[in-house]
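Visitor: When we follow the numbering used here, the leftmost residue of the sequence shown carries the number -6, and every step to the right adds one.
C-beta: ideal position from N, C-alpha, C; glycine also.
All of these numbers come straight from a predicted model, not from anything done at the bench.
Here it is, the structure, as structure tokens.
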Amino acid sequence: MGSQLVRSLWLVACATAVWGCERPAAQKPAERGAELPISKVVLYQNGVGYFEKRGKVDKKLVELRVRPDQINDVLKSLSILDLSGGAASAVSLPVEKSGDRLAAELPPQVRNATGLVGLLAVLRGADVQVSGKAGNLRGRVVGVELPPRQGGDKDGGPPRGAILTLMTGDDRLATTPVDGIGELVIGDRTLSVGLKQSLDISRADGAWKPASLHIRLAGDKTHDLIVSYIHEVPVWRPAYRAWVEKDKGVLLQGWAIVDNTSGEDWADVKLTLVAGSPLSFRYNLHTPHMVERPDLSPRLPQSADAPPEPDVGVQPADAPPPPPAAAAPAAEAESAKAEAFDLGDYSGGGAKLVAGSGGGGAGERAAPLRSRRGEFSKDMAPAEKPAAAPRPKVQSRGPTGSDPGEETKRREAAARSATALMSGREVGALYAYEAQHSVTVPDRSAALINLLNKKLDGRDVLLFRDMGQPPYHAILIKNDGGATVEGGPITLYVDGTFAGEGFIGRVAKNETAFVPYARETGYSLALTAKDEEAELHLAKIVDGRIRIEGKRLHKRTLSIEATRDKPALCYVKVAATAGMTLREPPKEMVKAGQDLYVPVHAPASGKGETVLVEESPVWFEETALNDRSVAALQLYLKNATAEAAIKGPIGQLLALWEEMATLERDSGGLRKQRDLLQDEQYRIQGNLDALPHSAVAAELRRQLVAQLTAASDKAAVVAKKLVENEVKLAAHKEKMITLLRSVTLK
-6 MGSQLVRSLW LVACATAVWG CERPAAQKPA ERGAELPISK VVLYQNGVGY
44 FEKRGKVDKK LVELRVRPDQ INDVLKSLSI LDLSGGAASA VSLPVEKSGD
94 RLAAELPPQV RNATGLVGLL AVLRGADVQV SGKAGNLRGR VVGVELPPRQ
144 GGDKDGGPPR GAILTLMTGD DRLATTPVDG IGELVIGDRT LSVGLKQSLD
194 ISRADGAWKP ASLHIRLAGD KTHDLIVSYI HEVPVWRPAY RAWVEKDKGV
244 LLQGWAIVDN TSGEDWADVK LTLVAGSPLS FRYNLHTPHM VERPDLSPRL
294 PQSADAPPEP DVGVQPADAP PPPPAAAAPA AEAESAKAEA FDLGDYSGGG
344 AKLVAGSGGG GAGERAAPLR SRRGEFSKDM APAEKPAAAP RPKVQSRGPT
394 GSDPGEETKR REAAARSATA LMSGREVGAL YAYEAQHSVT VPDRSAALIN
444 LLNKKLDGRD VLLFRDMGQP PYHAILIKND GGATVEGGPI TLYVDGTFAG
494 EGFIGRVAKN ETAFVPYARE TGYSLALTAK DEEAELHLAK IVDGRIRIEG
544 KRLHKRTLSI EATRDKPALC YVKVAATAGM TLREPPKEMV KAGQDLYVPV
594 HAPASGKGET VLVEESPVWF EETALNDRSV AALQLYLKNA TAEAAIKGPI
644 GQLLALWEEM ATLERDSGGL RKQRDLLQDE QYRIQGNLDA LPHSAVAAEL
694 RRQLVAQLTA ASDKAAVVAK KLVENEVKLA AHKEKMITLL RSVTLK
């Protein structure tokens, strides 16, 4: 049974062979189109890449092979430019259909075929040719049958073999055992092609097989073509290394990890890495979109009308013939317009990098580039490429020795270890790193490309990011260069030693960034805050309203106490107060949006502090004199530019305010006396109420009554003075209001 299965599978594979010398007329082989090499690659950080193919071709057909997962993006963005003055006349590609839809379009005989016996059974009526132990037979399949067992089914017996019956002539039938067939050729081309498609559907051939787009060109001349498109690619990722030395700044090296999963080698291409995310999306243009249409079949007549009852009458005279029908309007002609799009140059040059064992992942070596020079020279003339830069020699260095010049050598070696191969420039809202030389990245490989190698202004500092938490050791970097630093991981070396790892955000030109890399103890932070009013002055007086303007100050004192034996520059992250501006910002302070990084110099084993002052304008409107308005009026009178016409009234107001203040102070003293006398009266009255009504207590009662009378007289005098003061205060207030309304200052 196993050998029969093997033969069956082999026969099914052979079933698509050509029908001997009796086959239909040979089909003309498909014309092979010219293929253009990739000349430019632009990678973005939104998951897409821009690809440009360029070359000169003599053929009329150019073939572009793309994977099924790329074809929708290619259809959405494909652009074809002929710099020689020609144009593309047509672009064709196979229509994508689902497996169920393709299977439904196949003949049912092929769609239901399984195995050799099943295939022969469903090929009933088809022309076939079989070869095997019984010789060669050709004819139409009549059927496949299983003969009865020898000795009957009940007695068992040897297994039965299937018998194929063929009609080899008009009146001739021939049989041959199926297990003796070595080769089967299907003579019906429709069934043969359908069987192949059925097998492709079964193994999901379309899910991985590249599709070919054919670009047909008009004219017989040589075409200088630029074919461009986008499709989904892995995002390029930056990574950095930084060397920090005291008083020597920061040496920053940036590398980009680039993955080539496009399905083609990038050989000597112009590579550009764009920082930013232009809008992009997926849209299915390859799969045919069928619109559901309403079924109007119910509108068809469901029954015929019965013949009406016969009418009996007199036949009228002949009626004139009906007028001829109007001629149908002529169909409108359709026209198509083609638009040419100008592609901007988004790339520069770049260095030729060969991604060897460094790319492709563990256990995978970079495949060598497949040379197409023979085919290329036949079909097209490639553009000239610059000579590849020689590969630099890499030398290993041992650990740092006791040589005092070793640190200098290490620093110089770090500066020479990577030469920036990319140059940066702004492209609208994006930032592009353009390769200065050609770059080579084989398919299914990754490459490290140096983005920048630059000395920047920076130093090692302490950073307090959260109150109550110990500070971080951080690298303060100021990007005073021309290239933007994209966000990515960074490895830090301080004074030649690995110090930690961090993550740097996007740092544009002239921006400053903190990169924390380790925790630190031995420093504590304290914060105190208070609000004050300052610079209050008289702004205007209108209709008895005094407007006073000034500033409100919000002061925060940042104190850092250190237990370490060396000084340190600390930065404290605080939020800026909404609606306020900084008043004399501290030197070396860094501002990032609404966050302020305030510097505090902590001495060795000591305490350092910085006062951060923010201010905002403030104004008050008073309708009477008080401490704030009096201070503003007094300040105005001291001003040399004060108006002479209102100095007198303002002086009277201030004198009246002094009198009122004196009356208020006197009234305050009188109120205290009144309260004391009232308490004395309550005490004496309580004692009187407690005395018994007897002759013994009569003398004491007389004394208490005399004391109560004296206290009442004093209280009456105090009350009289208090009332007099209140009357004077009320009169002064009325006078103040009248006088204040007479003063106008604008």
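Let me confirm a value: residue 321 is counted as buried when at least 16 other C-beta atoms fall within 10 Å, else exposed. Which label applies?
Guide: Indexing the sequence shown from 1 puts residue 321 at position 328. With a pLDDT of only 40 at residue 321, under 50, the local geometry of the prediction cannot be trusted, and no value is derived from it.
Visitor: Helix, strand or coil: how does DSSP classify residue 125 here?
Guide: Here the question's residue 125 lines up with position 132 in the sequence shown. Residue state, collapsed to three classes: strand.
Visitor: According to DSSP, what are the bridge partners of residue 496?
Guide: One-based indexing of the sequence shown puts residue 496 at position 503. DSSP lists 482 as partners of residue 496.
Visitor: Which of the three DSSP states is assigned to residue 554 in this structure?
Guide: Against the sequence shown, residue 554 aligns to sequence position 561. Residue 554: strand per DSSP, three-state reduction.
Visitor: Any idea what DSSP makes of residue 741, helix, strand or coil?
Guide: Residue 741 is absent from the model: the chain starts at -6 and stops at 739.
Visitor: Residue 730: buried (16+ other C-beta within 10 angstroms of its C-beta) or exposed?
Guide: Indexing the sequence shown from 1 puts residue 730 at position 737. Residue 730 comes out exposed.
Visitor: Residue 66: buried (16+ other C-beta within 10 angstroms of its C-beta) or exposed?
Guide: Translated into positions along the sequence shown, residue 66 becomes position 73. The residue is buried, with at least 16 neighbouring Cβ atoms inside 10 Å.
Visitor: Decide if the region 522 to 532 is in contact with the region 490 to 498; the criterion is three or more beta carbon pairs, one per stretch, under 8 Å apart.
Guide: Result no; under three Cβ-Cβ pairs closer than 8 Å.
Visitor: Just grab the DSSP bridge partners of residue 630 for me.
Guide: Walking along the sequence shown from the start, residue 630 turns up at place 637. Per DSSP, none; premise fails for residue 630.
Visitor: Only counting the same chain, and skipping five residues up and downstream in sequence, which positions put a Cβ closer than 6 Å to that of residue 458?
Guide: As a first step, residue 458 must be located in the sequence shown, where it is residue number 465. Around residue 458: 566.
Visitor: Per DSSP, what kind of secondary structure is residue 656 in: helix, strand or coil?
Guide: Locating residue 656 in the sequence shown gives position 663, where the first residue counts as 1. The answer is helix: DSSP assigns residue 656 an H, G or I state.
Visitor: Mind listing, in chain order, the continuous beta strand (DSSP E) runs of no fewer than 3 residues lying wholly within the region 421 to 484?
Guide: Taking only runs of at least 3 residues, the beta strand (DSSP E) segments lying wholly in the region 421 to 484 are 423 to 428, 432 to 434, 438 to 457, 465 to 471.
Visitor: If you draw a straight line from the C-alpha of residue 814 to the C-alpha of residue 610, how long is it?
Guide: This structure cannot settle anything about residue 814, because the visible part of the chain is limited to -6 through 739.
Visitor: Pull the bridge partners of residue 276 from the DSSP assignment, please.
Guide: As a position in the sequence shown, residue 276 is number 283, starting the count at 1. DSSP, once it has assigned bridges, lists no residue as partnering residue 276.
Visitor: Enumerate in chain order the residues of its own chain whose CB-to-CB distance from residue 518 is below 6 Å, with the five nearest sequence positions on each side excluded.
Guide: As a working mapping, residue 518 is identified with position 525 in the sequence shown. Answer for residue 518: 457, 553, listed in chain order.
Visitor: To the nearest whole angstrom, what separates the beta carbons of residue 496 and residue 590, a pair I think is in contact under 8 Å?
Guide: Working through the sequence shown from its first residue, we reach residue 496 at position 503. Working through the sequence shown from its first residue, we reach residue 590 at position 597. Actually they do not touch by this definition, with Cβ atoms about 17 Å apart.
Visitor: What are the partner residues of residue 253, as DSSP defines its beta bridges?
Guide: Residue mapping note: residue 253 aligns to position 260 of the sequence shown, counting from 1. Looking at the DSSP assignment, residue 253 forms a beta bridge with 438.
Visitor: Alpha carbon to alpha carbon, what distance is there between residue 564 and residue 723?
Guide: To locate residue 723, count along the sequence shown from 1; it is residue 730. To locate residue 564, count along the sequence shown from 1; it is residue 571. Each residue's Cα considered, the two are about 58 Å apart.
Visitor: With DSSP as the reference, please indicate the residues paired to residue 748 in a beta bridge.
Guide: The structure shown does not extend to residue 748, since the chain is modelled only from -6 through 739, so no value can be given for it.
Visitor: On the CB-based measure, 16 or more other CB atoms within 10 Å of its CB, does residue 318 come out buried or exposed?
Guide: Against the sequence shown, residue 318 aligns to sequence position 325. For residue 318, the predicted structure reports a pLDDT of 46, less than 50, and the residue's modelled location is therefore unreliable. The matter cannot be settled from this model.
Visitor: For residue 58, which beta-bridge partners are listed by DSSP?
Guide: The residue given as residue 58 occupies position 65 in the sequence shown. Beta-bridge pairing links residue 58 to 205.
Visitor: Using a Cβ-Cβ cut-off of 7 Å (strictly less than) and excluding sequence neighbours within five positions of residue 534, which residues of its own chain qualify?
Guide: Along the sequence shown, read from residue 1 onward, the residue named residue 534 stands at position 541. The residues are 736, 737, 738.
Visitor: How would you write the range of the beta strand (DSSP E) that residue 600 sits in, first residue to last?
Guide: What you label residue 600 is simply residue 607 of the sequence shown in a count that begins at 1. Note, residue 600: beta strand (DSSP E), 600 to 615.
Visitor: Are the region 173 to 190 and the region 234 to 246 touching by the rule of at least three beta carbon pairs closer than 8 Å?
Guide: No, the region 173 to 190 does not touch the region 234 to 246.
Visitor: With the cut-off set at 7 Å, would you say residue 81 and residue 174 are in Cβ contact?
Guide: Indexing the sequence shown from 1 puts residue 81 at position 88. Indexing the sequence shown from 1 puts residue 174 at position 181. Cβ atoms of residue 81 and residue 174: not closer than 7 Å.
Visitor: Using DSSP with H/G/I as helix, E/B as strand and the rest coil, what is residue 590?
Guide: Walking along the sequence shown from the start, residue 590 turns up at place 597. Here residue 590 sits in strand by DSSP.
Visitor: Do you know whose CA, among 562, 429, 437, 527, lies nearest residue 451's CA?
Guide: As a first step, residue 451 must be located in the sequence shown, where it is residue number 458. Of the candidates 562, 429, 437, 527, the one whose C-alpha sits nearest the C-alpha of residue 451 is 562.
Visitor: Taking the alpha helix (DSSP H) that residue 225 falls in, what are its first and last residues?
Guide: As a position in the sequence shown, residue 225 is number 232, starting the count at 1. Here residue 225 belongs to no alpha helix (DSSP H); instead the beta strand (DSSP E) covers 216 to 225.
Visitor: Taking 7 Å as the cut-off, decide whether the C-beta atoms of residue 252 and residue 439 are in contact.
Guide: Reading the sequence shown from its first residue, position 259 is the one you call residue 252. Reading the sequence shown from its first residue, position 446 is the one you call residue 439. Going by C-beta atoms, residue 252 is nearer than 7 Å to residue 439.
Visitor: State yes or no: is the C-beta of residue 463 within less than 7 Å of the C-beta of residue 499?
Guide: Position 470 of the sequence shown holds residue 463. Position 506 of the sequence shown holds residue 499. Against a cut-off of 7 Å, the Cβ pair of residue 499 and residue 463 comes out as no contact.
Visitor: Starting from residue 159, follow the alpha helix (DSSP H) in both directions and report where the run begins and ends.
Guide: If you number the sequence shown from 1, residue 159 lands on position 166. No alpha helix (DSSP H) contains residue 159, which is instead part of the beta strand (DSSP E) from 156 to 160.
Visitor: Quick test of your reading: residue 35 and residue 226, contact by CB under 8 Å. State the CB separation rounded to the nearest angstrom.
Guide: Locating residue 35 in the sequence shown gives position 42, where the first residue counts as 1. Locating residue 226 in the sequence shown gives position 233, where the first residue counts as 1. With 8 Å as the limit, residue 35 and residue 226 do not qualify as a contact, their Cβ atoms being about 10 Å apart.
Visitor: What does the Cβ neighbour count give for residue 46, buried or exposed, with the cut at 16 atoms within 10 Å?
Guide: In the sequence shown, counting from the first residue as 1, residue 46 sits at position 53. With 16 or more Cβ atoms within 10 Å of its Cβ, residue 46 is classed as buried.
Visitor: Which residues does DSSP pair with residue 170 in a beta bridge?
Guide: In the sequence shown, counting from the first residue as 1, residue 170 sits at position 177. Residue 170 pairs with 156.
Visitor: Run through the DSSP bridge pairs and tell me what residue 672 is partnered with.
Guide: To locate residue 672, count along the sequence shown from 1; it is residue 679. According to DSSP, which records beta bridges pairwise, residue 672 is partnered with nothing at all.
Visitor: Here's the rule: buried if 16 or more other CB atoms are within 10 angstroms of the residue's CB, otherwise exposed. What is residue 48?
Guide: Taking the sequence shown and counting its residues from 1, one reaches residue 48 at position 55. With 16 or more other Cβ atoms within 10 Å, it is buried.
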